[in-house]
Amino acid sequence: MVGITQLMEDKVFMAFASYTTIILSKMMFMSTATAFYRLTRKVFVNPEDYASFGKENAKNYSRVDERVERVRRAHLNDLENIVPFLGIGLLYALSGPDLSTAILHFRLFVGARIYHTIAYLLPLPQPNRALAFFVGYGVTISMAYRLLKSRLYL
Amino acid sequence: MVGITQLMEDKVFMAFASYTTIILSKMMFMSTATAFYRLTRKVFVNPEDYASFGKENAKNYSRVDERVERVRRAHLNDLENIVPFLGIGLLYALSGPDLSTAILHFRLFVGARIYHTIAYLLPLPQPNRALAFFVGYGVTISMAYRLLKSRLYL
Amino acid sequence: MVGITQLMEDKVFMAFASYTTIILSKMMFMSTATAFYRLTRKVFVNPEDYASFGKENAKNYSRVDERVERVRRAHLNDLENIVPFLGIGLLYALSGPDLSTAILHFRLFVGARIYHTIAYLLPLPQPNRALAFFVGYGVTISMAYRLLKSRLYL
Chain V
1 MVGITQLMED KVFMAFASYT TIILSKMMFM STATAFYRLT RKVFVNPEDY
51 ASFGKENAKN YSRVDERVER VRRAHLNDLE NIVPFLGIGL LYALSGPDLS
101 TAILHFRLFV GARIYHTIAY LLPLPQPNRA LAFFVGYGVT ISMAYRLLKS
151 RLYL
Chain L
1 MVGITQLMED KVFMAFASYT TIILSKMMFM STATAFYRLT RKVFVNPEDY
51 ASFGKENAKN YSRVDERVER VRRAHLNDLE NIVPFLGIGL LYALSGPDLS
101 TAILHFRLFV GARIYHTIAY LLPLPQPNRA LAFFVGYGVT ISMAYRLLKS
151 RLYL
Chain F
1 MVGITQLMED KVFMAFASYT TIILSKMMFM STATAFYRLT RKVFVNPEDY
51 ASFGKENAKN YSRVDERVER VRRAHLNDLE NIVPFLGIGL LYALSGPDLS
101 TAILHFRLFV GARIYHTIAY LLPLPQPNRA LAFFVGYGVT ISMAYRLLKS
151 RLYL
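Residue numbers (our numbering), protein chains in the order written: chain V, 1 to 154; chain L, 1 to 154; chain F, 1 to 154.
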């Protein structure tokens with residue numbers, strides 16, 4: 001089991017593990033936020049979810065609520081951006097990058113995505129959200145570029 | 001190539017590989033379920049998908065069907081929960097956890113997500129689906145907590 | 001740090017890293033395509049996104065546009081299919097497959113998903129998109145099958 005212990009003793013890999021765990025936990029928080037708004041605003045999408053509230057208000061319970069939709073859009077945007085970070089970041093962390101460069105990439109990405117969520121949920125006026133999006137996007141592209149430049153094998 | 005062989009000889013990693021493959025295959029099954037309902041109920045979203053059925057019923061073919069939407073919501077919920085499991089679970093499996101603890105985590109997660117799909121598609125009355133969701137959620141948080149507690153490097 | 005260097009010197013792993021980086025970059029391009037159509041067709045979903053265009057056309061800016069929705073559906077389909085490839089492909093690459101078999105899998109998947117996007121966005125008549133979908137799906141199932149056959153540990 002030498003291989004595995006060595007992996008987790010690599011500083012770049014440990015940093016990747018830490019930042020990834022943080023940003024994935026943040027993404028999971030979006031599920032809780034959706035559930036919170038659904039319950040406090042009494043807006044549901046499945047009939048079985050509002051069955052215990054009685055049937056007379058069925059139409060009202062299944063309405064579309066802008067607050068809930070906003071959280072869901074932020075969640076989907078997280079998925080669309082964190083999945084590429086997960087894949088490309090893992091391979092980047094394994095490709096032996098400079099420690100401080102790697103940590104700069106991870107910090108910028110995690111910071112940008114947290115700011116993106118804040119800008120989306122409050123909401124902050126544009127271009128706050130757009131900037132947060134493009135910083136996270138740029139970080140991922142920068143890691144992808146390094147990978148393809150140094151390790152291409154097709 | 002010693003590093004790679006060692007990785008796949010690690011029992012925790014092999015267990016992670018097995019459970020991940022099972023739960024990702026289950027998630028892929030949701031695509032087939034959507035396609036099945038779209039074809040049997042003749043509900044499509046793209047004009048090119050119902051072009052061969054003739055044009056007179058275009059409005060009918062592009063209606064919103066509750067059965068199809070239910071599968072799609074279950075699929076999206078899978079994505080939102082399996083992606084964090086994939087990232088956090090991989091790092092957790094590499095962090096040298098106790099074998100029986102790790103397998104308990106993986107089993108609970110895979111069982112909970114399969115039960116979640118059943119509860120969503122039948123549907124079962126609440127709180128069946130909510131409980132399945134929170135078991136899977138709790139497992140992922142528990143692995144994230146262990147990672148951040150033992151291996152934080154920011 | 002021997003373990004990590006060995007990982008990136010493994011040819012199957014390097015090929016997986018290359019193809020994954022390419023297909024994840026392609027998926028990220030979908031975000032740009034959505035933004036492009038939203039800006040050129042002036043269709044937005046959040047009030048803060050069209051605030052600078054003035055308030056008189058609010059209803060028009062927040063309409064549903066078929067072009068934008070098509071890109072978003074292609075993007076979601078990418079997510080639903082690339083996430084399983086990411087997880088199963090990584091584990092498959094680590095399970096010591098034959099190099100040429102592995103590269104055939106990766107090439108077919110990446111080619112099929114790129115063709116899927118083209119078929120979705122143009123759009124091409126069916127069954128172009130359906131075939132592209134099933135090729136990518138089949139490749140992932142084939143890798144999952146190999147993993148479960150040779151390395152099952154439950």
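Glycine is no exception: its CB is placed at the ideal position from the N, C-alpha and C atoms. Keep in mind that this is a model prediction, so the values were computed, not measured.
If I follow the unbroken alpha helix (DSSP H) through V:Pro84, where does it start and stop? It spans 66-94 - the alpha helix (DSSP H) in which V:Pro84 sits, taken as one unbroken run.
Pop quiz: V:Ile22 and V:Val83 are said to be a contact at Cβ under 8 Å. What is the actual Cβ separation, rounded to whole angstroms? Cβ atoms of V:Ile22 and V:Val83 stay farther apart than 8 Å, at about 16 Å.
Does the beta-carbon distance from F:Val68 to F:Arg41 come in below 8 Å? The Cβ-Cβ distance between F:Val68 and F:Arg41 falls below 8 Å.
Would you please verify whether the beta carbon of F:Gly87 is less than 8 Å from any beta carbon of chain L? Yes, its Cβ sits closer than 8 Å to a Cβ of chain L.
So what's F:Asn46 in DSSP terms, helix, strand or just coil? Look at F:Asn46 here: in three-state DSSP terms it is coil, with no helix or strand label.
Taking 8 Å as the threshold (C-beta atoms), are L:Leu147 and L:Leu91 in contact? Contact flag set, yes.
Kindly indicate which three-state DSSP category F:Met1 falls into: helix, strand or coil? Any reading at F:Met1 must be qualified, since the residue scores a pLDDT of 38, below 50, and its modelled position is unreliable; the value itself is stated next. In this structure, DSSP gives F:Met1 a state outside helix and strand, which the three-state scheme calls coil.
Tell me whether L:Asn60 sits in a helix, a strand or coil according to DSSP, three-state version. Secondary structure at L:Asn60: helix, using DSSP grouped into helix, strand and coil.
Roughly how far, in whole angstroms, is the beta-carbon of F:Phe106 from the beta-carbon of F:Ala15, given that I think they are within contact range, below 8 Å? Contact between F:Phe106 and F:Ala15 holds: their C-beta atoms lie close to 6 Å from each other, under 8 Å.
Determine the closest residue to L:His116 out of L:Asp49, L:Glu80, L:Ser95, L:Leu86, with distance taken between C-alpha atoms. Taking the Cα of L:His116 as reference, the smallest distance to any Cα among L:Asp49, L:Glu80, L:Ser95, L:Leu86 is reached at L:Glu80.
Does the beta-carbon distance from F:Pro123 to L:Glu48 come in below 8 Å? Result yes, Cβ atoms of F:Pro123 and L:Glu48 sit closer than 8 Å.
Check whether the Cβ atoms of F:Val8 and F:Gly89 lie closer than 8 Å to each other. According to the sequence displayed, residue 8 of chain F carries Met and not Val. Result no, Cβ atoms of F:Met8 and F:Gly89 do not sit closer than 8 Å.
With 8 Å as the threshold, decide whether the Cβ of F:Thr101 is near any Cβ in chain L. F:Thr101 does not count as touching chain L.
Nearest chain V C-beta to L:Val71 closer than 8 Å, yes or no? It does not; no Cβ of chain V falls within 8 Å.
What are the residues of the region 45-68 of chain F that lie near chain L, defined by any Cβ-Cβ distance shorter than 8 Å? Shown here is that no member of the region 45-68 of chain F has a Cβ falling below 8 Å from a Cβ of chain L.
So which residues on chain L does F:Ser95 lean against when the C-beta distance must stay under 8 Å? Neighbours of F:Ser95 on chain L, chain order: Met8, Ala17.
Can a CB atom of chain F be found closer than 8 Å to the CB of V:Leu108? Against chain F, the CB of V:Leu108 has no partner CB under 8 Å away; the residue lies outside that interface.
First through last residue of the alpha helix (DSSP H) which encompasses F:Ala17: Note, F:Ala17: alpha helix (DSSP H), 11-40.
Host alpha helix (DSSP H) of F:Ser52 (start-end): Neither: F:Ser52 is in no alpha helix (DSSP H) and is coded neither H nor E.
Does DSSP classify V:Tyr115 as helix, strand or coil? In the three-state scheme derived from DSSP, where H, G and I count as helix and E and B as strand, V:Tyr115 is classed as helix.
Cβ-based neighbour list, F:Ala132, same chain, cut-off 8 Å, excluding 5 preceding and 5 following: Closer than 8 Å at the Cβ level, and outside the excluded window around F:Ala132, lie Ala112, Arg113, Tyr115, His116, Ala119.
Hey, how far is the Cα of L:Met27 from the Cα of F:Glu56? Approximately 44 Å, taken between the alpha carbons.
Burial state of L:Phe29 (16 or more Cβ within 10 Å): Sixteen is the threshold: since fewer than 16 other Cβ atoms of the shown chains lie within 10 Å of the Cβ of L:Phe29, the residue is exposed.
Using beta-carbon positions only, say whether L:Ala51 and F:Pro97 come within less than 8 Å of one another. Not a contact, by the Cβ cut-off of 8 Å.
Chain F within 8 Å of L:Thr40, Cβ atoms only: Look at L:Thr40: its C-beta is not under 8 Å from any C-beta on chain F.
Neighbour flag for V:Arg113 against chain F, beta carbons, 8 Å: Look at V:Arg113: its C-beta is not under 8 Å from any C-beta on chain F.
Consider the Cβ of L:Tyr37: report whether some Cβ of chain V lies at a distance smaller than 8 Å. It does not: the Cβ of L:Tyr37 has no partner Cβ on chain V nearer than 8 Å.
Output yes if chain V places a C-beta closer than 8 Å to the C-beta of F:Met28; else output no. So, interface residue.
Confirm, please, whether the CB-CB distance from V:Leu121 to V:Val74 is below 8 Å. The amino acid at residue 74 of chain V is misidentified as Val; the sequence shows Ala. Cβ atoms of V:Ala74 and V:Leu121: closer than 8 Å.
Could you give the distance in angstroms between the alpha-carbon of V:Gly136 and the alpha-carbon of V:Arg129? Their Cα atoms are separated by approximately 11 Å.
Going by other Cβ atoms of all chains shown within 10 Å of its Cβ, with 16 needed for buried, is V:Ser150 buried or exposed? Of the other Cβ atoms in all chains shown, fewer than 16 fall within 10 Å of the Cβ of V:Ser150; this residue is therefore exposed.
Please tell me whether L:Thr21 has its Cβ less than 8 Å away from any Cβ of chain F. For L:Thr21, the closest Cβ of chain F is nearer than 8 Å.
L:Thr140: contacting residues in chain V (beta-carbon distance under 9 Å): By Cβ distance, chain V contributes Leu24, Ser25, Met28.
Pull up the distance between the alpha-carbon of V:Thr20 and that of F:Phe53, whole angstroms please. Annotation: V:Thr20 to F:Phe53 spans about 37 Å, alpha carbon to alpha carbon.
I'd like the span of the alpha helix (DSSP H) that includes V:Tyr145, first residue to last. First-last of the alpha helix (DSSP H) with V:Tyr145: 128-151.
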